[in-house]
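At position 62 of the sequence shown (counting the first as 1) the number is 114 in this note's numbering, and the numbers step up by one without a gap.
Only one structure is covered here, and it is reproduced in the block below.
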Amino acid sequence: MTDTPRRPVAIVTGAARGIGAATALRLAQDGLRVAVLDLEEAAAKSTADAIGESAIAVGADVSDAAEVEAAVARVTEELGAPTVLVNNAGITRDNLLFKMAESDWDAVLGVHLKGAFLMTRAVQKHMVDAGWGRIVNLSSTSALGNRGQANYATAKAGVQGFTKTLAIELGRFGITANCVAPGFIVSDMTKATAARIGVPWDQYVHDRAAAIPVRRAGQVEDIANAVSFFVDDRAGFVSGQVIYVAGGPRN
Ligand code: NAD
Numbered sequence: 053m054t055d056t057p058r059r060p061v062a063i064v065t066g067a068a069r070g071i072g073a074a075t076a077l078r079l080a081q082d083g084l085r086v087a088v089l090d091l092e093e094a095a096a097k098s099t100a101d102a103i104g105e106s107a108i109a110v111g112a113d114v115s116d117a118a119e120v121e122a123a124v125a126r127v128t129e130e131l132g133a134p135t136v137l138v139n140n141a142g143i144t145r146d147n148l149l150f151k152m153a154e155s156d157w158d159a160v161l162g163v164h165l166k167g168a169f170l171m172t173r174a175v176q177k178h179m180v181d182a183g184w185g186r187i188v189n190l191s192s193t194s195a196l197g198n199r200g201q202a203n204y205a206t207a208k209a210g211v212q213g214f215t216k217t218l219a220i221e222l223g224r225f226g227i228t229a230n231c232v233a234p235g236f237i238v239s240d241m242t243k244a245t246a247a248r249i250g251v252p253w254d255q256y257v258h259d260r261a262a263a264i265p266v267r268r269a270g271q272v273e274d275i276a277n278a279v280s281f282f283v284d285d286r287a288g289f290v291s292g293q294v295i296y297v298a299g300g301p302r303n
């Protein structure tokens with residue numbers, strides 16, 4: 053068994069806000085150095101500055117191979133070789149199948165699936181060199197099927213297959229790969245969904261929470277806590293798993 057690198061370096065994608073920002077903060081509190089990677093470098097910088105000197109901001113589009121390679125090289129130079137990767141960047145382009153544009157399909161699969169692939173391919177060599185690594189990918193309860201989300205549900209189900217394959221291929225190098233699959237979490241993403249369907253935010257939260265067994269909406273920290281568990285050394289024998297963090301078994 054290889055020891056954890058002394059202050060591991062983590063990359064959290066889509067970390068300017070929401071679940072990614074909470075996860076970056078949580079990992080920094082756990083003692084890691086953290087690269088806050090996001091499309092929007094200025095927003096990522098505010099998040100990194102709020103975390104403190106153990107964090108840097110990196111602007112990159114996870115669906116662009118050249119930007120991904122450059123971002124990982126920059127993190128390696130400025131913080132050290134990354135051995136923890138949280139593939140969190142995400143978008144939604146919801147619509148019923150008969151109205152869904154090809155560009156909406158491509159955009160969603162491009163960020164969630166291709167983005168996770170490109171990031172993981174670029175970072176895994178550092179994990180292999182270290183003989184230790186942690187990959188945590190954000191799936192969703194939508195992976196089980198969700199009306200209006202053919203593109204997103206497909207991407208989030210695909211992320212689970214990707215993760216299980218990483219667990220099988222990379223386990224021999226001391227690397228684990230797992231998924232956190234959130235249910236309804238309060239974030240800009242869900243606020244945009246409420247606005248799109250024309251339901252006032254407070255009512256939307258009330259209605260969603262009423263259908264959740266623990267009777268509350270999820271908070272970004274609920275997800276950050278689950279990511280923190282998978283990254284911890286004590287989770288070293290847990291790999292290829294999906295944990296639904298949804299206040300109930302599936303919603
Ligand atoms: P959010 O919209 O609040 O934040 C997503 C972040 O990803 C943004 O900062 C955005 O700039 C960034 N991003 C988008 N495309 C990118 C790209 N190509 N490259 C780099 N960064 C990019 O979303 P959130 O609610 O915090 O969701 C985070 C993750 O959790 C997503 O993968 C989402 O699908 C998943 N998720 C969220 C919920 C929920 O209820 N909020 C539920 C299940 C799963």
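Every residue, glycine too, gets a C-beta built ideally from N, C-alpha and C.
From a predicted model like this one, the values you see are computed outputs, not experimental measurements.
Beta-carbon gap between residue i and residue j smaller than 7 Å
{"i": "A74", "j": "A276", "result": "yes"}
{"i": "G70", "j": "S239", "result": "yes"}
{"i": "V35", "j": "V283", "result": "This structure does not reach residue 35, given that the chain is present from 53 up to 303, and the question cannot be answered."}
{"i": "N203", "j": "V160", "result": "yes"}
{"i": "R268", "j": "F236", "result": "no"}
{"i": "D156", "j": "R173", "result": "no"}
{"i": "L89", "j": "V120", "result": "no"}
{"i": "R58", "j": "R85", "result": "no"}
{"i": "L131", "j": "I103", "result": "no"}
{"i": "F225", "j": "V180", "result": "yes"}
{"i": "A80", "j": "T99", "result": "no"}
{"i": "V163", "j": "S115", "result": "yes"}
{"i": "W253", "j": "A262", "result": "no"}
{"i": "C231", "j": "S291", "result": "no"}
{"i": "D158", "j": "S280", "result": "no"}
Assigned exposure category for residue i - 16 Cβ within 10 Å defines buried
{"i": "W184", "result": "buried"}
{"i": "H258", "result": "exposed"}
{"i": "V266", "result": "exposed"}
{"i": "P134", "result": "buried"}
{"i": "K208", "result": "buried"}
{"i": "F150", "result": "exposed"}
{"i": "A125", "result": "exposed"}
{"i": "Q255", "result": "exposed"}
{"i": "D274", "result": "buried"}
{"i": "L148", "result": "exposed"}
{"i": "A112", "result": "buried"}
{"i": "G197", "result": "exposed"}
{"i": "I220", "result": "exposed"}
Residues bridged to residue i (per DSSP)
{"i": "T99", "result": "For T99, which the question treats as bridged, DSSP gives no partner whatsoever."}
{"i": "D90", "result": "G111"}
{"i": "V138", "result": "V64, V188"}
{"i": "V232", "result": "L190, I295"}
{"i": "Q201", "result": "N147"}
{"i": "G300", "result": "In DSSP, G300 forms no bridge with anything."}
{"i": "R85", "result": "V61"}
{"i": "G227", "result": "Just to set this straight, residue 227 is Ile in the shown sequence, not Gly. Answer by DSSP bridge pairing, in chain order: G185."}
{"i": "G270", "result": "I237"}
Segment limits, beta strand (DSSP E) that includes residue i
{"i": "I71", "result": "Note, I71: premise wrong, no beta strand (DSSP E); alpha helix (DSSP H) at 70-81."}
Extent of the continuous alpha helix (DSSP H) run through residue i
{"i": "D55", "result": "D55 -> no alpha helix (DSSP H), and no H or E assigned at all."}
{"i": "K243", "result": "240-249"}
{"i": "L161", "result": "154-161"}
{"i": "E119", "result": "117-130"}
{"i": "A262", "result": "253-262"}
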